[in-house]
Amino acid sequence: MMNNYIPNATIFQNELREIYGVKEKDTEENSTSSGTGFAAVIKDELQKVNDLQVEADNNVTGYIAGEKSIHEVVLATEEASMSLELAIQIRNKLVDAYKEFNNMQV
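When the count follows this note's numbering, it moves up by one through the sequence shown with no breaks and lands on 1349 for the last residue.
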């Protein structure tokens, strides 16, 4: 059974900033001054998810060929699976927010 618990995003905010190298004061400035919009960020993150999926597939192929250990394969496939689940959850939240926004009365 899949765990449907979605942790509060603020718990992991600092860790995500460290992983992606984002400084707290630069978050708003970079999004407006560098020309990267919301669509570009989403596209980049989806590309990362795709890269993890390809890497996991390559690890499975490597395991079949005897080049990779089962440990590497399981880690890569779990990382790819978790990133895909997160992307799906984010997509669902965006769709829900869009629907809620459209249903607002002005």
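Note that the Cβ used here is the ideal one computed from N, Cα and C, for glycine as well.
Remember, it's a predicted structure, so these values are computed and weren't measured experimentally.
Note down the Cα distance separating residue i from residue j, rounded to an integer number of angstroms.
{"i": "Ile1307", "j": "Met1347", "result": "53 Å"}
{"i": "Glu1272", "j": "Phe1281", "result": "The pLDDT assigned to Glu1272 is 49, lower than 50, so where the model puts this residue is not dependable; a value taken from the coordinates is nonetheless given after this. Distance between the alpha carbons of Glu1272 and Phe1281: 14 Å."}
{"i": "Leu1329", "j": "Lys1311", "result": "26 Å"}
{"i": "Gln1332", "j": "Thr1304", "result": "28 Å"}
{"i": "Leu1337", "j": "Ala1319", "result": "27 Å"}
{"i": "Arg1334", "j": "Thr1279", "result": "19 Å"}
{"i": "Glu1288", "j": "Tyr1341", "result": "20 Å"}
{"i": "Asn1247", "j": "Asp1339", "result": "For Asn1247, the predicted model reports a pLDDT of 46, less than 50, meaning its position is unreliable; a value from the coordinates is still stated below. Their backbone Cα atoms lie some 17 Å apart in a straight line."}
{"i": "Leu1327", "j": "Lys1286", "result": "14 Å"}
{"i": "Val1284", "j": "His1314", "result": "31 Å"}
{"i": "Glu1343", "j": "Val1349", "result": "13 Å"}
{"i": "Gly1309", "j": "Asn1345", "result": "53 Å"}
Compare the beta carbon distance of residue i and residue j with 8 Å and say whether it is the shorter of the two.
{"i": "Val1316", "j": "Asn1302", "result": "yes"}
Going by DSSP, what residue range makes up the alpha helix (DSSP H) through residue i?
{"i": "Ala1340", "result": "1313-1345"}
{"i": "Ala1308", "result": "Run containing Ala1308: none; DSSP gives neither H nor E here."}
Answer with yes or no whether the minimum CB distance from residue i to chain C is below 8 Å.
{"i": "Thr1304", "result": "Considering every chain present, this structure includes no chain C. It has just one protein chain."}
Does the region 1294-1306 touch the region 1315-1333, meaning 3 or more C-beta pairs lie closer than 8 Å? yes
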